[in-house]
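Here's the structure, in structure tokens; my notes come after.
Protein chains in written order, with this note's numbering: chain A, 1 to 409; chain B, 1001 to 1112.
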């Protein structure tokens, strides 16, 4: 039966998560050079259109439709057939099925948007749109079904992912890495200084992400209840701890930077996502600190390896997500969430940790391999990359005929 | 007539303006410019580590003056723009072939 309080919270959470995608756009847009700001914002905002549309056409059905062999949903919910005002019998049983469907849609949108951070400043916009359609269909939908769909094989196995540590962050991180490997580095990478266009824009984006994350994680309680409150506290604690830790790391090296503290917050928030509703909220602090330290050094390692994952999708979301998924295996407690399990610290032994590791390896491997194939196919048929001259001029002008900051007036 | 182009530190603008005013030179055009000299830019911080920005922000002052005033103007800028540290800037003096005032159509020395 529809519960008014739960429904109100899910509708609000849907709106909160929606705002994260323009948030990601600004977070990324501030970090690229002036000539690529429009292009970077556009790559993200376009997902609200394209993915938002495909989600109600068929992608929700593939992700959450009745199970086919544990690997994919079905076509029962295509064009929102059989999705209405009554609650689903399987998911979020106290809110309209439509509300649950749209809440999940916002996760799909932001996951595709996250990947774009790796490939800014040189990917062809048209190729990215083709990639988005293929990736949503062939990678996101199956992975969401495995982890969250009724009958999904990882769900049945007992792998826990409260709000998308595996489905969103590990999935986006490994996919971004594969896409970059096919696409290649930006011209001038490691030689030219690539100065951020606007660090205030980065902070605005990170702020919107943090704000939206309350809907992302606390909304994943799928009800207006104490579990939502617990998830919200874990989320904020992790973001705060990671932001502070990153600030200290940068300070120790030279000076505390706004770019760093904003990045730290996002790493901490990504890391707490899978466990937000399974771990006692105070452990969010620990998750945040560990995520900040490891993501910080992951970035340094990436620089040494010379991979141009331009805005660190793997180092922030991928690595942050992996840490968080493993943290569930350690800190999860059924006292917090009875439908979860006990992790290592609360007497559950290594069982849950092993399952979580399997979740990371299977989804990470599938995302990396699958995306590599999709990227190769697009690259050889259509071409992934803009012409050299277009890259030099900047994607704002060459792809969109717009520029972020006006001319003389 | 001469044109003086002075590349100076941003924070010395007020002092330079005052020094020029004292010798009776009011008119000037100021532009924000980027450039580099001996020190080859400055390091800035990325999320982790640093990157080097080649071009530093400076101001360019352009003044047109009578030949007789030129040495005094250069002298005033030299003194007021100097901090003694690397990156104080440079002054260039160029000859001016002609000058026109748009409002009155006056030409030559009368314009300055």
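Glycine is no exception: its CB is placed at the ideal position from the N, C-alpha and C atoms.
When secondary structure is reduced to three states using DSSP, residue 1089 of chain B falls in the strand class. For residue 1045 of chain B, the nearest beta carbon of chain A is closer than 8 Å to its own beta carbon. Below 8 Å, enough C-beta pairs join the region 201-210 of chain A and the region 257-269 of chain A to call them touching: three or more.
Going by DSSP, residue 1031 of chain B is part of the beta strand (DSSP E) stretching over 1029-1035. Interface with chain A (8 Å Cβ-Cβ cutoff): residue 1100 of chain B is excluded.
A contact between stretches requires three or more CB pairs, one per stretch, nearer than 8 Å, and the region 382-391 of chain A fails this requirement with the region 1064-1079 of chain B. For residue 299 of chain A, the chain B residues whose Cβ falls inside 7 Å of its Cβ are 1047 and 1048, in order along the chain.
Taking C-beta atoms as the reference points, residue 1028 of chain B and residue 1007 of chain B fail to come closer than 8 Å.
Interface annotation, residue 296 of chain A: in contact with chain B, CB-CB separation under 8 Å. Close to residue 1085 of chain B, with beta-carbon spacing below 7 Å, lies no residue of chain A; the smallest spacing is near 21 Å. Against chain A, the CB of residue 1053 of chain B has a partner CB under 8 Å away; the residue lies at that interface. Assigned with DSSP and collapsed to three states, residue 1045 of chain B falls in strand. CA-CA distance, residue 221 of chain A to residue 1 of chain A, rounds to 17 Å. Contact check between the region 175-183 of chain A and the region 370-385 of chain A: three or more CB pairs, one atom from each, fall below 8 Å, which counts as touching. When the Cα atoms are used, residue 1112 of chain B and residue 1036 of chain B turn out to be separated by approximately 31 Å.
Non-local beta-carbon contacts of residue 1083 of chain B in its own chain, meaning distances under 8 Å to residues more than five positions away in sequence, involve 1009 and 1012 in chain order.
Under DSSP, residue 1058 of chain B forms a beta bridge with B:1033. Straight across, the Cα-Cα distance linking residue 131 of chain A with residue 1089 of chain B is about 50 Å.
Of all residues in the region 24-47 of chain A, none is placed with a Cβ closer than 7 Å to any Cβ belonging to chain B. Among the residues of chain B, none has a CB under 8 Å from the CB of residue 177 of chain A; the nearest is roughly 17 Å distant. Look at residue 86 of chain A here: in three-state DSSP terms it is coil, with no helix or strand label. Across the set B:1076, B:1110, B:1097 and B:1093, the C-alpha of B:1076 shows the shortest separation from the C-alpha of residue 1023 of chain B. Within the region 302-340 of chain A, the runs of alpha helix (DSSP H) at least 4 residues long that lie entirely inside it are, in chain order, 319-331.
Under the three-state reduction of DSSP output, residue 110 of chain A falls in the helix class.
For residue 379 of chain A, the nearest beta carbon of chain B is not closer than 8 Å to its own beta carbon.
Chain-order list of chain B residues neighbouring residue 186 of chain A: empty, with the shortest C-beta distance near 13 Å, by a criterion of under 8 Å.
Using a Cβ-Cβ cut-off of 8 Å, residue 312 of chain A counts as an interface residue toward chain B, since at least one Cβ of chain B sits closer than that to its own. Across the structure, residue 234 of chain A and residue 1091 of chain B are spaced so that their CA atoms are roughly 60 Å apart. When Cβ pairs closer than 8 Å are counted between the two stretches, the region 285-299 of chain A is seen not to touch the region 166-179 of chain A, the count staying below three. For residue 303 of chain A, a Cβ of chain B is located within less than 8 Å of the residue's own Cβ. Residue 1017 of chain B sits away from residue 1093 of chain B, with the two beta carbons spaced by 8 Å or more. From the listed residues A:274, A:299 and A:401, the smallest Cα separation to residue 249 of chain A is found for A:299.
Per the DSSP secondary-structure output, residue 68 of chain A pairs in a beta bridge with A:72. For residue 141 of chain A, DSSP records no beta bridge to any residue. Taking residue 1044 of chain B as the centre and dropping the five residues before and after it, the same chain places the C-beta of 1050, 1051, 1052 and 1053 closer than 8 Å to its C-beta, in chain order. Listed along the chain, the chain B residues whose CB falls inside 8 Å of the CB of residue 245 of chain A amount to none; the nearest CB is some 13 Å away.
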